[in-house]
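Residue numbers (this note's numbering), protein chains in the order written: chain P, 1 to 392; chain L, 1001 to 1392. Here a beta-carbon is modelled for each residue, glycine too, at the ideal position from N, C-alpha and C. For reference, the structure is listed below as structure tokens.
There are 2 protein chains.
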Amino acid sequence: ETRYFRQRLDHFSFSGEEEFFQQRYLVGRAGAGGWAGPGGPIFFYCGNEGDIAWFAANSGLVWDAAPRFAALVVFAEHRYYGESMPFGSKDKAYNNSRSMAYLTAEQALADYAVLLTDLKRNLSSESSPVVLFGGSYGGMLAAWMRLKYPHIAVGALASSAPILQFEDIVPDTIFYDLVSNDFKRESLSCFQTIKDSWKELDEQGNGQDGLLKLSKTLHLCQTLNTTGALSDWLNSAYSYLAMVDYPMPSEFLMPLPANPIKEVCRNIDKQPEGSSILERIYAGVNIYYNYTGTVDCFDLDDDPHGMGGWDWQACTEMVMPMSSSEGLSMFPPDEFDYALYADDCVKNFGVRPRPRWISTEFGGHNISSVLEKFGSNIIFFNGLLDPWSGGG
Amino acid sequence: ETRYFRQRLDHFSFSGEEEFFQQRYLVGRAGAGGWAGPGGPIFFYCGNEGDIAWFAANSGLVWDAAPRFAALVVFAEHRYYGESMPFGSKDKAYNNSRSMAYLTAEQALADYAVLLTDLKRNLSSESSPVVLFGGSYGGMLAAWMRLKYPHIAVGALASSAPILQFEDIVPDTIFYDLVSNDFKRESLSCFQTIKDSWKELDEQGNGQDGLLKLSKTLHLCQTLNTTGALSDWLNSAYSYLAMVDYPMPSEFLMPLPANPIKEVCRNIDKQPEGSSILERIYAGVNIYYNYTGTVDCFDLDDDPHGMGGWDWQACTEMVMPMSSSEGLSMFPPDEFDYALYADDCVKNFGVRPRPRWISTEFGGHNISSVLEKFGSNIIFFNGLLDPWSGGG
């Protein structure tokens, strides 16, 4: 059941000009038994950077567990995503830095706090224990909400939530090292082929008609202007594959077989003698971008999950330094350069990041001591193949 | 030692137009031994609605305790008070609702979090245990900061902090009932004289040359236009007397003798046979407003402690319903009328209050269960003569 809540745009100031927006949330009474009723538990999913219906459809654990607790299930959409757009439309919300100013984790948590308080009052269920759920960025929100609003939620299941992927709390190479490990563990030659492919790609790209040839070899719809776009496209295929390297078929990001990385590497390795590195690479990523076999050519600009807002968040609060190590990584060596990063943010969004704000507001440096002292009731659930587990 | 920190005006949004202000803070190395040095404890006073130097001069406990812990003492001034003015001056900061928009408890707590984080880094003292102190509104900030920033502070001493004086968490008559009790316990006739004085005051005020006579009887500098201003002036004398009814002489709000309410009542009671009620009232409040005997006449518009900003805060977040009961109170019976209250806020400040926001953001309804679950390490220190103890 889809509902909308009149939510305040800025919870933390009082300019007198009150701006509101419609926040979407989904309510489900899971199972035949339904909700236990007033006083019964509420499972609250902290929506993250995307359409909430998509997360609701891909969070089976919440739906599986709810009936056993006769819990009411609520999936709340994160402001500036899906249908929950300030200023009436995505175009207006994403117009400029002034309109995007209120796309922050703190404002989103306050949204959830106000929504839950109102929801419980309307259900005459103020005493309901609320358990928070969330994955990835939504998992961070679930953990942070339990810490910041202990009077509203009794616990949280924070799945794949890299709350330590900030500043120097964990090594900035850990993410790409873990992605690379997922490939290495399936096949050393697969790992090596990918590691060698970047140089190959640059050389071809710089050669006679190189970009045209590359575009043909990888079945791109448009001819490349630079090799950069192609590198990014391959990079995200490998990174997302590591995030969804499930032992069963899934359709979370893309329709994929069980153990997709094993399949990718099998395709890379099984190409006939004399196949070029890039032909092997194509055969590999084809598993990720075209498992259904219905795609004739690849459009590098596709963004199927409407995560444009995340770039803004990464340029304001969510500054997660990421480097690629010389030795362990299959990606081109790369040092995170904050100055460069910040300048790009100013150029692209007219905003300067605050790289230390998240750890100031939510903690992070030896957070375990804080979590122990408090009866924090947070389960940090991490799959070890998931590259986010490094910061989780 | 007075220092200034370049503080961000709005911690919770990213419009791209970054506005900063100079936040004042005082640093003291108490006692001969001084600070233990890096890793040593930091006592941090959460400044409230006034000049921080004034609070530093009137918080003896912090200074007394610091040497025994070799603690560094920091008194941080609250934004929009004392010298810590956004937009460069009090006139500009208090110009309108847009300039005052960022005078909130959440922004102030974020100021303290950022200041402490920066301070510890500069002192290479990240591991220092920070203990928060505060009284009244500052005590609420200390308690809320410990709850919201457990990674920054290990505990708090929240003195006379009425964190429950919101919505219907405590009876809205409790404050004036406690003030009245402080007078009743000293002298029933004193209590009765004050209780009878309001009717007397109104009748005189409405009589022939009434306001002129009243102004003479109470030695006011200007002739009254209404009796309302006089009632408010008397009301705040009684209320403040209850807040500072210390067993020793003090100069916190005003120069006062030990047990000031006992003295006030003694003066009210000891007036010669046939003295009018209002002559007795004058003799009483004279103790509060003129203990030094240097005041020739009283100016009702005096605001010695520059708390103008508090009216704004009371009209935005800090909505504390206060009524005066028919029976137990010595004040005129009065029902808190939220609609009226809100309309006045819109009229005076162009802003509408959010009466439920504080309990949503910080909790309040059965907060004890939250405090117990968390190792909250908060001492709520309340003097039972202090009328704020009802909400504390």
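**Request:** Assign ASN1048 (chain L) to buried or exposed, taking buried as 16 or more other Cβ atoms, counted over all protein chains shown, within 10 Å of its Cβ.
**Result:** Label assigned to ASN1048 (chain L): buried.
**Item:** 8 Å Cβ cutoff, SER1015 (chain L) in contact with chain P
**Value:** yes
**Prompt:** Quick one: which chain P residues come within Cβ less than 7 Å of GLN1107 (chain L)?
**Reply:** PHE12
**THR173 (chain P) - DSSP class collapsed to helix/strand/coil** = Three-state result, THR173 (chain P): coil.
**Item:** Own chain, CB closer than 6 Å to ALA1108 (chain L), minus 5 neighbours either side, in chain order
**Value:** Here the set comprises HIS1078, ARG1079.
**Asked** Leaving out the 5 sequence neighbours to the left and right, which residues in its chain are closer than 7 Å to GLY1383 (chain L) when beta-carbon positions are compared?
**Response** Excluding positions up to five away in sequence, the list reads SER1160, SER1389.
**Item:** Cutoff 6 Å; reference THR292 (chain P); Cβ partners in own chain excluding five residues on either side
**Value:** PRO255
**Request:** Return the residue from the list L:ALA1229, L:VAL1319, L:MET1330 that minimises the CA-CA distance to TYR1338 (chain L).
**Result:** L:VAL1319
**Request:** Flag ARG6 (chain P) as yes if its beta-carbon sits less than 8 Å from any beta-carbon of chain L, otherwise no.
**Result:** With 8 Å as the cut-off, ARG6 (chain P) does not count as an interface residue toward chain L.
**Prompt:** Buried or exposed: which applies to THR173 (chain P), given that a residue is buried once 16 or more other Cβ atoms fall within 10 Å of its Cβ?
**Reply:** Around the C-beta of THR173 (chain P), 16 or more other C-beta atoms lie within 10 Å, and the residue is accordingly described as buried.
**Message:** Could you tell me the alpha carbon to alpha carbon distance between ILE1268 (chain L) and LEU1212 (chain L), rounded to whole angstroms?
**Reply:** 22 Å
**Item:** Cβ distance (whole Å) where PHE75 (chain P) is taken to contact PHE55 (chain P) below 8 Å
**Value:** 6 Å
**Prompt:** PHE1133 (chain L) and VAL1062 (chain L): beta carbons closer than 8 Å?
**Reply:** yes
**Item:** Interfacial residues, the stretch 82 to 101 of chain P to chain L, with Cβ spacing under 7 Å
**Value:** SER97, ARG98, ALA101
**Request:** Would you list, in sequence order, the uninterrupted alpha helix (DSSP H) runs of no fewer than 4 residues that lie entirely inside the stretch 1141 to 1226 of chain L?
**Result:** 1174 to 1184, 1188 to 1206, 1210 to 1217
**Message:** Under 8 Å, Cβ to Cβ, is there at least one residue of chain P near PRO1150 (chain L)?
**Reply:** yes
**Request:** Identify the contact partners of PHE1374 (chain L) in chain P, using a Cβ-Cβ distance below 9 Å as the criterion.
**Result:** Neighbours of PHE1374 (chain L) on chain P, chain order: PRO150, LYS373, PHE374, GLY375, SER376.
**Request:** Pick out whichever of L:THR1104, L:LEU1103, L:ILE1052 has its Cα sitting closest to the Cα of GLU1083 (chain L).
**Result:** The alpha carbon of GLU1083 (chain L) has as its nearest neighbour, out of L:THR1104, L:LEU1103, L:ILE1052, the alpha carbon of L:ILE1052.
**Item:** Alpha-carbon spacing of GLN1192 (chain L) relative to VAL1114 (chain L), whole angstroms
**Value:** Each residue's alpha carbon lies about 51 Å from the other.
**Asked** For the alpha helix (DSSP H) that contains CYS1265 (chain L), what are its first and last residues?
**Response** 1260 to 1270
**Message:** Determine, for ARG185 (chain P), whether the minimum Cβ-Cβ distance to residues of chain L falls below 8 Å.
**Reply:** By this cut-off, ARG185 (chain P) is not an interface position.
**Request:** Specify the secondary structure class of LEU385 (chain P) as computed by DSSP and reduced to three states.
**Result:** coil
**Request:** Return yes when the Cβ of PRO129 (chain P) is within less than 8 Å of the Cβ of PRO41 (chain P), no when it is not.
**Result:** For PRO41 (chain P) and PRO129 (chain P), yes; Cβs fall inside 8 Å.
**Prompt:** CB HIS1219 (chain L) to CB CYS1345 (chain L), shorter than 8 Å?
**Reply:** no
**Prompt:** GLY1363 (chain L) touches chain P at which residues, Cβ-Cβ below 9 Å?
**Reply:** TYR149, PRO150, HIS151, ILE152
**Message:** Need the endpoints of the beta strand (DSSP E) that TYR45 (chain P) sits in, please.
**Reply:** Taken as a continuous stretch (DSSP letters only), the beta strand (DSSP E) holding TYR45 (chain P) covers 42 to 46.
**Asked** Who are the neighbours of ALA314 (chain P) on chain L, taking C-beta pairs under 7 Å?
**Response** None at all; the shortest Cβ gap to chain L is about 12 Å.
**Request:** Can you pull the chain L residues whose beta carbon is under 7 Å from the beta carbon of THR360 (chain P), in chain order?
**Result:** ALA1113, VAL1114, THR1117
**Proximal residues to PRO249 (chain P) (C-beta, below 6 Å), its chain only, five neighbours per side dropped** = PRO257, ALA258
**Residues of its chain near ILE287 (chain P), where Cβ-Cβ distance is below 7 Å and the 5 sequence neighbours each way are ignored** = PRO260, GLU263, VAL264, ASN267
**Message:** Between VAL1285 (chain L) and ALA1237 (chain L), how many whole angstroms is the CB-CB distance? I'm expecting something under 8 Å.
**Reply:** 5 Å
**Prompt:** What residues from chain P crowd round GLY1155 (chain L), counting only those whose CB sits closer than 9 Å?
**Reply:** Those within 9 Å of GLY1155 (chain L) in chain P number zero; the least Cβ separation is about 10 Å.
**Asked** Which whole-angstrom value describes the C-beta separation of VAL370 (chain P) and SER97 (chain P), a residue pair presumed to lie in contact below a C-beta threshold of 8 Å?
**Response** Not quite, the Cβ-Cβ distance comes to about 33 Å (not below 8 Å), so this is no contact.
**Message:** Between ILE1169 (chain L) and chain P, is the shortest Cβ-Cβ distance under 8 Å, so that the two count as touching?
**Reply:** no
**Request:** State yes or no: is the beta carbon of GLY1350 (chain L) nearer than 8 Å to at least one beta carbon in chain P?
**Result:** yes
**Prompt:** Is ILE1152 (chain L) buried or exposed, if buried means 16 or more other CB atoms sit within 10 Å of its CB?
**Reply:** buried
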